[in-house]
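Here is the structure we will look at.
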Amino acid sequence: MKVVPYKDSNKSKKAQVSEMFDGISKEYDRMNRLITFGVDLKWRKRLINAVLALKPQRILDVATGTGDLAIALAQQSDAQVTGLDLSSGMLNVGKNKVKHHGLQDRVDMVLGDSESLPFETNDFDAVTVAFGVRNFESLSKGIQEIHRVLKPGGTLAVLETSKPTNPIFKFGYWLHTGILMPLISKVLASDPKAYTYLVDSASSFPYNQAFTSILLEAGFSKASFHKQTLGAACIYYAQK
Ligand SMILES: C[S@@+](CC[C@H](N)C(=O)[O-])C[C@H]1O[C@@H](n2cnc3c(N)ncnc32)[C@H](O)[C@@H]1O
Numbered sequence: 039m040k041v042v043p044y045k046d047s048n049k050s051k052k053a054q055v056s057e058m059f060d061g062i063s064k065e066y067d068r069m070n071r072l073i074t075f076g077v078d079l080k081w082r083k084r085l086i087n088a089v090l091a092l093k094p095q096r097i098l099d100v101a102t103g104t105g106d107l108a109i110a111l112a113q114q115s116d117a118q119v120t121g122l123d124l125s126s127g128m129l130n131v132g133k134n135k136v137k138h139h140g141l142q143d144r145v146d147m148v149l150g151d152s153e154s155l156p157f158e159t160n161d162f163d164a165v166t167v168a169f170g171v172r173n174f175e176s177l178s179k180g181i182q183e184i185h186r187v188l189k190p191g192g193t194l195a196v197l198e199t200s201k202p203t204n205p206i207f208k209f210g211y212w213l214h215t216g217i218l219m220p221l222i223s224k225v226l227a228s229d230p231k232a233y234t235y236l237v238d239s240a241s242s243f244p245y246n247q248a249f250t251s252i253l254l255e256a257g258f259s260k261a262s263f264h265k266q267t268l269g270a271a272c273i274y275y276a277q278k
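Sequential numbering of the sequence shown, starting at 39, is according to this note's numbering.
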């Protein structure tokens, strides 16, 4: 069964996801830090360092949202970065941040769909996606499109939520996602359903080896996964 933000709506998952992120775009950065207790910054830093070590000249950040990854990638290298997202609300917040950092000539923010990317085949040296893939309506289409726009030899780096397998860490994960997150979102968020969706979509998304297999099925020749913070998140690397 498809996990969607608004179970009573008959709109497509894509339309619901875009509407939901438009609605929470102004609070997204603040809520993100709160929900992960800021640990996401460490995960992002790892992914950025690994990608920039490959010295890419053209980077695409898919599901860029408010642009944190795209901005950091541009700040820490001389690469040309394109951020793409489905939600104009998230992109607008991102565009303001790009302007604030004076990066307009290095970071392009584009409205678009990961499942039909508006770019040439073999266009980018690296593609990044942070907390985006589990929102795709068709995961396989999205991954295949990313594979298409990567140059041969190019790298895809994905940061996504995962689930711990150790029973003790599993309990901590349940405490965080089942008790703490709903409580934080009920008190502080404008749309608590959005945060229920984020938890539900995280708990049903393929992770570790299962997601690595999906990357290989989409045509990547090599794929690996690297657990973060006791398995709460995972970073995947795949090569075209
Ligand atoms: C949880 S946010 C992550 C944003 C950002 N990457 C970050 O790390 O904070 C997920 C983003 O995925 C975007 N998204 C979902 N489905 C998409 C699709 N098919 N194509 C492009 N963006 C999509 C949403 O609009 C949203 O901005």
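The beta carbon of each residue, even a glycine, is placed where N, CA and C say it ideally should be. Note that this is a predicted model, so its numbers are computed, not measured.
Quiz item: In angstroms, rounded to a whole number, what distance separates the CA positions of Y235 and V42?
Solution: 7 Å
Quiz prompt | Boundaries (first-last residue) of the alpha helix (DSSP H) holding Y245 | solution = From DSSP, Y245 is part of no alpha helix (DSSP H); its letter is neither H nor E.
Quiz item: When every heavy atom of ligand 1 is checked, does at least one fall within less than 7 Å of the C-beta of L250?
Solution: The sequence as given places Thr at residue 250; Leu does not occur at that position. Not so, every heavy atom of ligand 1 lies at least 7 Å from the Cβ.
Exercise. Leaving aside the five residues before and after L85 along the sequence, list all residues of the same chain whose C-beta is less than 8 Å from its C-beta, in chain order.
Key: L107, T166, A168, A195, L197 and I273
Quiz item: For the alpha helix (DSSP H) that D78 lies in, which residues bound it at each end?
Solution: V77 to L90
Practice problem: Tell me whether A164 sits in a helix, a strand or coil according to DSSP, three-state version. | Solution: strand
Quiz item: If we ignore side chains and look at the alpha-carbon of each, how far apart do S228 and T104 end up?
Solution: 17 Å
Self-check item: Option in F263, D238 and F174 with minimal Cα separation from A248
Solution: F263
Quiz prompt | Same chain, Cβ closer than 6 Å to L253, five either side skipped, listed in chain order | solution = A261 and A276
Quiz item: Should T203 be listed as close to ligand 1, given that the test is whether its C-beta is under 7 Å from any heavy atom?
Solution: no
Exercise. Quick one: residues in its chain with C-beta nearer than 8 Å to the C-beta of A91, no 5 flanking neighbours on either side, listed in chain order?
Key: none
Practice problem: From the DSSP output, read off the bridge partner residues of A276. | Solution: L194 and A261
Quiz prompt | Assigned secondary structure, G140 (DSSP; H/G/I helix, E/B strand, else coil) | solution = coil
Quiz item: Under the three-state reduction of DSSP, which class applies to G150: helix, strand or coil?
Solution: coil
Quiz item: DSSP on G180, reduced to helix/strand/coil?
Solution: helix
Practice problem: Starting from Q118, follow its DSSP beta bridges and name the residues at the other end. | Solution: R96
Self-check item: S178 burial status per 10 Å Cβ neighbour count (16 or more: buried)
Solution: exposed
Quiz item: From T102 to G121, what distance separates their C-alpha atoms?
Solution: 5 Å
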